[in-house]
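Numbering (this note's numbering), first residue to last: -18 to 272.
Let me begin by presenting the structure, written as structure tokens, before commenting on it.
Laid out in structure tokens, this is it:
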């Protein structure tokens, strides 16, 4: 599936900003099932300085600074991406989750050093006995890892209500657990916390989700979404992505932009500024199929 993706982020500040420094993570990744064509990133007002690099996880970053007084900031990206169908792991006889968890107890073999870093707590995700107990309902003794991950995804979808007004990007996972509601970021964090509570490696994935219009209705421009989900590591298969917000494994409707330990590693736009006061943020995403 070929896509043209347009992502617009607009900041409207209540007071003038004299200096601002930002980092943007908006360039889609190249993966085994995803290739990237043209990519452009426009910034208004024009930055005084701008540098690009790849971070520790392999995500593409753009650092920029604006050193003129401004009351608005607009960031627009255009991406051409091709996504091929992901190989759905159907083999229910894959390794039991306990044997996989055992691989990530010291000492670890060289083959699993890279995913080993995703076993530990991160700034926004903490393992707990409560989440261990919740996860164990999906991961009974001897349950194949892939089967348990599918069931955990299904239960999060069933037990937690999608509610964009219930949380913010700063809402702690403990509050999401208590309220039983949140958004895709919260559900990805929850799935990761459950898996790490079992001693399994899990990472946070950010990207886009192509939304499909109702039968007979036109596709609306700009109403697609920035999205988030989680991935587990299955020895012999690599990372496998699950979307608890939509109760599915990811496929051609999911476009990957970045991955890390939690949202803090992949925030689309982050920054520090002088002035500005309160501000409004508007985000518009259009995932246009080209096939």
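Built from N, CA and C at the ideal position, the CB exists for glycine as well.
| query | result |
| --- | --- |
| Using the Cα positions of residue 262 and residue 88, report the straight-line distance between them to the nearest angstrom. | 46 Å |
| Taking the beta carbon of residue 8 as the centre, do at least 16 other beta carbons fall within 10 Å, making it buried, or is it exposed? | buried |
| Can you tell which of 260, 80, 270 has its C-alpha closest to the C-alpha of residue -5? | 260 |
| Which same chain residues end up closer than 6 Å to residue 36 when comparing Cβ atoms and leaving out the 5 residues on each side of it in sequence? | 42 |
| With 16 other CB atoms within 10 Å as the buried threshold, where does residue 80 fall? | exposed |
| If you draw a straight line from the C-alpha of residue 241 to the C-alpha of residue -2, how long is it? | 30 Å |
| Expressed to the nearest angstrom, what Euclidean distance is found between the alpha-carbon atoms of residue 82 and residue -13? | 40 Å |
| Can you find at least 3 beta carbon pairs, one from the stretch 145 to 162 and one from the stretch 222 to 241, that sit closer than 8 Å? | no |
| How is residue 133 classed by DSSP in three states: helix, strand or coil? | helix |
| Just to confirm the assignment, what range does the alpha helix (DSSP H) spanning residue 96 have? | 94 to 97 |
| Just the C-alpha distance for residue 172 and residue 225, rounded to the nearest angstrom, thanks. | 8 Å |
| Specify the secondary structure class of residue 259 as computed by DSSP and reduced to three states. | coil |
| Quick one: what does DSSP say residue 177 is sitting in, helix, strand or coil? | helix |
| Going by beta-carbon coordinates alone, are residue 106 and residue 177 separated by less than 8 Å? | yes |
| Would you report the Cα separation of residue 60 and residue 232, rounded to the nearest angstrom? | 18 Å |
| Between which two residues does the beta strand (DSSP E) carrying residue -5 extend? | -17 to 8 |
| Report the CB separation of residue 2 from residue 253 in whole angstroms; it is logged as a contact under 8 Å. | 5 Å |
| State the beta-bridge partners of residue 33 as determined by DSSP. | 43 |
| In the DSSP assignment, find the unbroken alpha helix (DSSP H) run with residue 117 in it and report its ends. | 110 to 117 |
| In the DSSP assignment, the beta strand (DSSP E) including residue 22 goes from what residue to what residue? | 15 to 25 |
| Since residue 53 is in the beta strand (DSSP E), which residue starts that stretch and which ends it? | 51 to 64 |
| Residues in its own chain within less than 8 Å of residue 152 by CB, not counting five upstream and five downstream? | 163, 167 |
| Alpha carbon to alpha carbon, how far is residue 26 from residue 0? Give it in angstroms, no decimals. | 12 Å |
| Would the beta-carbon of residue 5 fall within 8 Å of that of residue 47? | no |
| Go to residue 154, then tell me how far its alpha helix (DSSP H) extends in each direction, as first and last residue. | 154 to 160 |
| Sorted by chain position, which residues of the same chain lie with C-beta nearer than 6 Å to residue 264's C-beta, five sequence neighbours on each side aside? | -10 |
| Judging by CA-CA distance, which residue of 50, 210, 77 is the nearest neighbour of residue 189? | 210 |
| Am I right that residue 141 and residue 161 are in contact with their C-beta atoms under 8 Å? What's the rounded C-beta distance? | 5 Å |
| Among 18, 50, 38, 16, which one has its Cα closest to the Cα of residue 29? | 50 |
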